[in-house]
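If you number the sequence shown the way full-length UniProt numbering does, the last residue is 318 and the count never jumps.
All residues carry an ideal CB built from backbone N, CA and C; glycine is no exception.
Here the structure is a predicted model, which means the values were calculated and not measured.
Everything on this sheet refers to the single structure shown next.
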Amino acid sequence: MRVLVTGGAGYIGSVAVALLRRDGYDVTVLDDLSTGHRDSLPADVRFVEGSVLNSAIIADALTDCEAVMHFAAKSLVPESVAKPELYHDVNVNGSKNLLAQMKLAGVNRLVFSSTAATYGEPEVIPITEISQTNPTSPYGATKLEVDHAITEAAKRDGLAAISLRYFNVVGGIKLDRGWISERHTPETHLIPNLLRSTSANPIKIFGNDWPTKDGTCIRDYIHVVDLIEAHIAALKAAKTGSHEIINLGSGSGYSILEVIAATSAALGTELPYEMTARRAGDPAVLVADISKARTLLGWQPTRDLAQMVNDTYEAAQG
Ligand code: UDP
C-alpha cells in the first residue's frame, strides 16, 4: 500500500516515513519545506515539494496512494497567538483542501495529527476523548476545526479516519544515515531547549505560580517512536464511515521541575534554569487517559522519559 505523508520532512512526519518504510509501505511525501528538511528523508522516496494550500499539487501527490497520514501544519502555540490567520489558513484550509482532493481521487483512509491543545484547560485529569474541548490557543482551535471537518467527511463520504491527539512528543530515532529528531528554528520545546541550557544562558521556565504541586506546568511526554507506532496501528484500524479520536501520551504527567531533575540525572550534571512569567496559551496540566489507544489500537507506549531525554541528547551530538 502507498501512503501519502503530508509534512513528511518535518520532525514527526519524517519518523513516520522511516517506520512506514521499515514496515513495507510505499511512501510519497508532500512538504513545502517551510519548517521541514529534505535531508530528513531517504533519497529514493517520492517527494513532492509544495503546500497543502495548492490543490493541484495535492492531487499529484495522491497518485497511486490508498491512505494519507496528515502532519503538514503550523504547530507552535506561541506563534499561533501572534499569527492566528496564518494558522487558520494552513491548518484549516489546507486540511479541507486535502479532504476534497482525497474524495476526488477516491482515497478513503486518513490518520490525522491532532493535538491535546484541542482540550484547552481541562476540568478533569487524566483527559479522555470525551472531555470538553475548549482550546486556549489558535493552534488548538484550528486542529479542533479540522477534527470536526473530518467527522463530517466520515459521515458524508464514508471516510475511514482516526485523529490522534498528541500530548508532548519528544525523542528521536537512529537510522543508518543518522539521527532524526527535533530541528526547529527557533526551538520552543522544553526538552531540546533544556539540553542547551548553560549558566550564561539558562533556560527560561514559564511560570512557577501555576496551580500544580510545585507551581510549574505538568505535561505528558511521549516518545516519537511510540507515537508513530500508534499511527501505523491507526492506519490499519480505521473503519469506513467512522472517525475515531484517540489520545496519544504516556498516561503519566511530569512537572517542568521533574523534567529538569530527570534530564539533569540523565546527563549527570545540574542543568541551570531561570523562572520567568507565564507564556500565553499554556494550560496548567495536560495528562492523557490512553485507555482508548490501548483498546482500539492494541498499542502500548514502551519508552520512558529517560529514553526520551537520552535520545534527544544523542541526536543533538550528531
Ligand atoms: N516551557 C518552558 N520553557 C521553555 C519551553 C517550554 O518553561 O523554554 C514550558 C511550557 O510553558 C510548557 C512546557 O514547558 O508548560 C512544555 O512546553 P513545550 O513548548 O515543550 O510544549 P507544549 O506543551 O507547548 O506543546
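Cβ of Leu-190 versus every heavy atom of ligand 1: is any distance shorter than 7 Å? Residue mapping note: residue 190 aligns to position 190 of the sequence shown, counting from 1. It does: the Cβ of Leu-190 is within 7 Å (strictly closer) of some heavy atom of ligand 1.
Is the beta carbon of Val-5 sitting closer than 8 Å to the one on Val-92? For the purposes of this step, residue 5 is taken as the residue at position 5 of the sequence shown. For the purposes of this step, residue 92 is taken as the residue at position 92 of the sequence shown. For Val-5 and Val-92, no; Cβs fall outside 8 Å.
Are the CB atoms of Met-262 and Val-309 nearer to each other than 8 Å? The sequence position of residue 262 within the sequence shown is 262, counting from 1. The sequence position of residue 309 within the sequence shown is 309, counting from 1. Note on residue identity: the sequence assigns Ala, not Met, to residue 262. In this structure, Val-309 lies closer than 8 Å to Ala-262 by Cβ.
Looking at C-beta atoms only, is the number of pairs between the segment 41 to 58 and the segment 19 to 32 that lie closer than 8 Å three or more? Yes, the segment 41 to 58 touches the segment 19 to 32.
Over what stretch of residues does the alpha helix (DSSP H) that includes Arg-156 continue unbroken? For the purposes of this step, residue 156 is taken as the residue at position 156 of the sequence shown. Segment 138 to 157, the alpha helix (DSSP H) holding Arg-156.
Assuming Val-17 contacts Gly-8 (C-beta within less than 8 Å), just tell me the rounded distance between them. Your numbering for residue 17 matches position 17 in the sequence shown. Your numbering for residue 8 matches position 8 in the sequence shown. Confirmed, about 5 Å.
By DSSP's criteria, Gly-178 is part of a beta bridge. Which residues make up the other side? Position 178 of the sequence shown holds residue 178. In the DSSP output, where bridge partners are listed per residue, Gly-178 has Leu-175.
Is the beta carbon of Glu-129 less than 8 Å from the beta carbon of Lys-292? Position 129 of the sequence shown, counted from the start, is the residue given in the question as residue 129. Position 292 of the sequence shown, counted from the start, is the residue given in the question as residue 292. Yes, they are a contact pair.
By DSSP, does Ala-100 sit in helix, in strand, or in coil? In the sequence shown, residue 100 corresponds to position 100, counting from 1. Of the three classes helix, strand and coil, the one that applies to Ala-100 here is helix, per DSSP.
What's the C-alpha gap between Ile-12 and Pro-42? Against the sequence shown, residue 12 aligns to sequence position 12. Against the sequence shown, residue 42 aligns to sequence position 42. Each residue's Cα considered, the two are about 15 Å apart.
Could you check what DSSP says for Met-1 in three-state terms: helix, strand or coil? Residue mapping note: residue 1 aligns to position 1 of the sequence shown, counting from 1. Reduced to three states, the DSSP call for Met-1 is coil.
Looking at the secondary structure, which residues open and close the alpha helix (DSSP H) in which Ala-316 lies? Taking the first residue of the sequence shown as position 1, residue 316 is located at position 316. Run containing Ala-316: 305 to 317, per the alpha helix (DSSP H) assignment.
Is the separation between the beta-carbon of Glu-258 and that of Leu-296 shorter than 8 Å? Taking the first residue of the sequence shown as position 1, residue 258 is located at position 258. Taking the first residue of the sequence shown as position 1, residue 296 is located at position 296. No, these two residues do not count as a Cβ contact at 8 Å.
Would you check if there are 3 or more beta carbon pairs closer than 8 Å linking the segment 96 to 116 to the segment 162 to 169? yes
Beta-carbon gap between Ile-127 and Ala-288 smaller than 8 Å: Here residue 127 refers to the residue found at position 127 when the sequence shown is read from its first residue. Here residue 288 refers to the residue found at position 288 when the sequence shown is read from its first residue. Yes, Cβ-Cβ distance for Ile-127 and Ala-288 is below 8 Å.
Is Phe-71 near ligand 1, in the sense that its beta carbon is under 7 Å from a heavy atom of that ligand? As a working mapping, residue 71 is identified with position 71 in the sequence shown. No - ligand 1 has no heavy atom lying nearer than 7 Å to the Cβ of Phe-71.
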